[in-house]
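One line per chain: the protein sequences are E and X, in this order.
To convert, note that position 179 of the first sequence is 179 in our numbering; the numbers rise steadily by one, no gaps.
To convert, note that position 104 of the second sequence is 104 in our numbering; the numbers rise steadily by one, no gaps.
Some notes on the structure that comes next.
Protein chains: 2
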Amino acid sequence: MSKAIPEPVTRLIDAFARLPGVGPKTASRLTYFLLRAPDELSDTLSQAIGELKLKTRLCSVCYNITEDDPCDICKDPQRDATLIAVVEEPLDALALEKTGSFTGRYHVLHGVISPREGIGPEQLKIRELVKRVQSEGVRELIISTNPGMEGDATAMFIKAELAGAGLNLKMTRLARGLPTGADLEYTDSVTLMRALQGRQDL
Amino acid sequence: MSKAIPEPVTRLIDAFARLPGVGPKTASRLTYFLLRAPDELSDTLSQAIGELKLKTRLCSVCYNITEDDPCDICKDPQRDATLIAVVEEPLDALALEKTGSFTGRYHVLHGVISPREGIGPEQLKIRELVKRVQSEGVRELIISTNPGMEGDATAMFIKAELAGAGLNLKMTRLARGLPTGADLEYTDSVTLMRALQGRQDL
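Written as structure tokens, this is what we have:
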């Protein structure tokens, strides 16, 4: 069987298969696609992957991925420095940014507290957040970790840390409830319970 | 919005999104995964993509992808040179190879006749197949193009070409019928019709 596949092909299939959500079948499909595609595509892809880490770093203020330190958002005087959305991952900051309705800045934790995966608070950028609140005159933290056990526990931990440091500021959490387009009939009961609890005046 | 994503990140997301089956969401997920993954993974992936085309070529006998020309299968004296499976793509040869029950050699057409996509017979390795049959004393061609209009038309075209060249040899087509594990109730009627037509003695 191995005779049917040359080594450079196997090597790329194996590498692709290490990406999340890419099984061995998808990995071979991608590889054989690249074999047929113009050289320009493999060149672009190879170079972009090679340069990804060389040309990016974490912003020393908010820990988002950036080319320049501090990042464009932290440097932007138009963005409210007293309002910080605390997110798990850079993609979460991006999702909030896409709403076009957040005018504050971000703080990327790079994970959540997860005893199951052996991730404790010291591995997250929580100490850095406390320092930032102390020195930057932050007015409100919107804790935007994902809804769910780990995200909620991380939110509570941050609250306790800030209280422990004697920092009293407004802390909020993203609203929970029905997503747009939801169908009550098919909504899980935790979501529905949250929607009831958070009901708003008409 | 663009401010939230540094350029090297966007560039890789865009490159990933050019791969088949990879939408913009998957492309960002893969990119941010690589940002967090060990450098070794991006290095391996970047290098494997870069070397894929540099280190492979088409076998000048069977047109499969290979490192050395001719390929290992065409060079292997154990493989029956008089029995050739004609396939559309290298992955199809690989699929047959994985059965472990094919002892002949391959011929990769690199596509099928498809007026819809503007692919005519002259863009496929059909002329090369005719030459090969002429010079190599081939006993049987198993036309293993995909079942369906285009694969069937390509099979008929090859048959006509060989007849036109005065070549009389056994030509077969992979059996059509029920796949293993199929449920008659959910089988499409064309497949069921083929299974009836090709029914075998018990």
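C-beta: ideal position from N, C-alpha, C; glycine also.
Straight-line gap, residue i to residue j (C-alpha atoms, nearest Å)
i                 : j                 : result
Thr10 of chain E  : Asp68 of chain E  : 37 Å
Met1 of chain X   : Ala15 of chain X  : Note that Met1 of chain X scores 42 on pLDDT, short of 50, meaning its location in the model is unreliable; the coordinates nonetheless yield the value given after this. Straight-line Cα distance between these residues: approximately 19 Å.
Ala155 of chain E : Glu51 of chain E  : 34 Å
Ile73 of chain X  : Leu162 of chain X : 24 Å
Val138 of chain E : Met171 of chain E : 10 Å
Lys75 of chain E  : Tyr186 of chain E : 44 Å
Leu30 of chain X  : Glu89 of chain E  : 13 Å
Leu192 of chain X : Gly100 of chain X : 27 Å
Leu184 of chain E : Met149 of chain X : 45 Å
Pro41 of chain X  : Ile142 of chain X : Residue 41 of chain X is actually Leu in this sequence, not Pro. Leu41 of chain X and Ile142 of chain X: Cα-Cα distance of roughly 41 Å.
Val133 of chain E : Phe157 of chain E : 15 Å
Thr26 of chain X  : Ser114 of chain E : 24 Å
Thr180 of chain E : Asp188 of chain E : 14 Å
Asn64 of chain X  : Arg36 of chain E  : 12 Å
Arg194 of chain X : Gly21 of chain E  : 36 Å
Ala17 of chain E  : Pro24 of chain E  : 6 Å
Ala182 of chain X : Cys62 of chain X  : 34 Å
Pro6 of chain X   : Thr56 of chain E  : 7 Å
Contact set between residue i and chain X, taken where Cβ atoms lie within less than 9 Å
i                 : result
Ile5 of chain E   : Ile65, Pro90, Leu94 and Glu97
Ile143 of chain E : In chain order: nothing, as chain X lies at least about 19 Å away.
Thr82 of chain E  : Those within 9 Å of Thr82 of chain E in chain X number zero; the least Cβ separation is about 19 Å.
Interface residues of chain E facing residue i [CB-CB closer than 9 Å]
i                : result
Ser42 of chain X : Ile49, Gly50, Leu52 and Lys53
Listed by chain order, chain X residues near residue i by CB distance under 8 Å
i                : result
Thr56 of chain E : Pro6, Pro8, Val9 and Leu35
Thr26 of chain E : Gly21
Partners in chain X for residue i, counting only beta-carbon separations shorter than 7 Å
i                : result
Ala15 of chain E : Thr44, Leu45 and Ala48
Below-7 Å beta-carbon distance, residue i vs any chain X residue
i                : result
Pro20 of chain E : yes
Leu30 of chain E : yes
Min CB distance residue i to chain E below 7 Å
i                 : result
Leu174 of chain X : no
Met1 of chain X   : In this prediction, Met1 of chain X scores a pLDDT of 42, lower than 50, which makes its location untrustworthy; no coordinate-derived value is stated.
Leu109 of chain X : no
Thr12 of chain X  : Rather than Thr, the amino acid found at residue 12 of chain X in this sequence is Leu. Yes - at least one Cβ of chain E is within 7 Å of the one on Leu12 of chain X.
Ile158 of chain X : no
DSSP bridge partner residues for residue i (one or two, in chain order)
i                 : result
Val112 of chain E : Bridge partners of Val112 of chain E: none, in fact.
Ala85 of chain E  : E:Tyr106 and E:Ile142
Arg173 of chain E : E:Ile143
Ile65 of chain E  : E:Leu58
Ile119 of chain X : X:Ser114
Asp80 of chain X  : X:Gly104
Closest Cα partner of residue i within the set the options
i                 : options                                   : result
Ser144 of chain X : X:Pro8, X:Ala4, X:Glu128 and X:Ala95      : X:Ala95
Pro70 of chain E  : E:Leu167, E:Gln78, E:Ser60 and E:Arg79    : E:Ser60
Pro38 of chain E  : X:Lys53, X:Gly181 and X:Leu129            : X:Lys53
Leu167 of chain X : X:Leu91, X:Lys159 and X:Arg173            : X:Lys159
Leu109 of chain E : E:Pro121, E:Glu136 and E:Thr191           : E:Pro121
Thr103 of chain X : X:Pro77, X:Ile119, X:Leu124 and X:Ile126  : X:Pro77
Leu91 of chain X  : X:Leu184, X:Thr66 and X:Glu7              : X:Thr66
Arg79 of chain X  : X:Val87, X:Arg105, X:Ser101 and X:Val22   : X:Arg105
Lys125 of chain E : E:Pro115, E:Ala165, E:Gly21 and E:Leu58   : E:Leu58
Glu128 of chain X : X:Ala165, X:Gly177 and X:Ala48            : X:Ala165
Arg173 of chain E : E:Ala85, E:Ala4 and E:Leu35               : E:Ala85
Val190 of chain E : E:Leu202, E:Thr180, E:Gly181 and E:Arg176 : E:Arg176
Leu45 of chain E  : X:Ile49, X:Arg36 and X:Gly151             : X:Ile49
Arg199 of chain X : X:Leu34, X:Tyr32 and X:Leu178             : X:Leu178
Ala93 of chain X  : E:Ser28, E:Arg18 and E:Val133             : E:Ser28
Gln123 of chain E : E:Gly111, E:Arg116 and E:Asp152           : E:Gly111
Pro8 of chain E   : E:Arg18, E:Leu202, E:Tyr32 and E:Leu19    : E:Tyr32
Pro147 of chain X : X:Gly23, X:Leu83, X:Val87 and X:Gln47     : X:Val87
Ala221 of chain E : E:His107, E:Thr56 and E:Lys98             : The structure shown does not extend to residue 221 of chain E, since chain E is modelled only from 1 to 202, so the question has no answer here.
Ala4 of chain E   : X:Glu97, X:Lys131, X:Leu12 and X:Val130   : X:Glu97
Leu19 of chain E  : X:Leu12, X:Leu19 and X:Leu34              : X:Leu34
Cross-chain neighbours of residue i in chain E, by beta carbon under 7 Å
i                : result
Asp39 of chain X : Lys53
Any C-beta of chain C under 7 Å from that of residue i
i                : result
Ala17 of chain E : Although the question refers to chain C, the structure presented lacks it and instead comprises the protein chains E and X.
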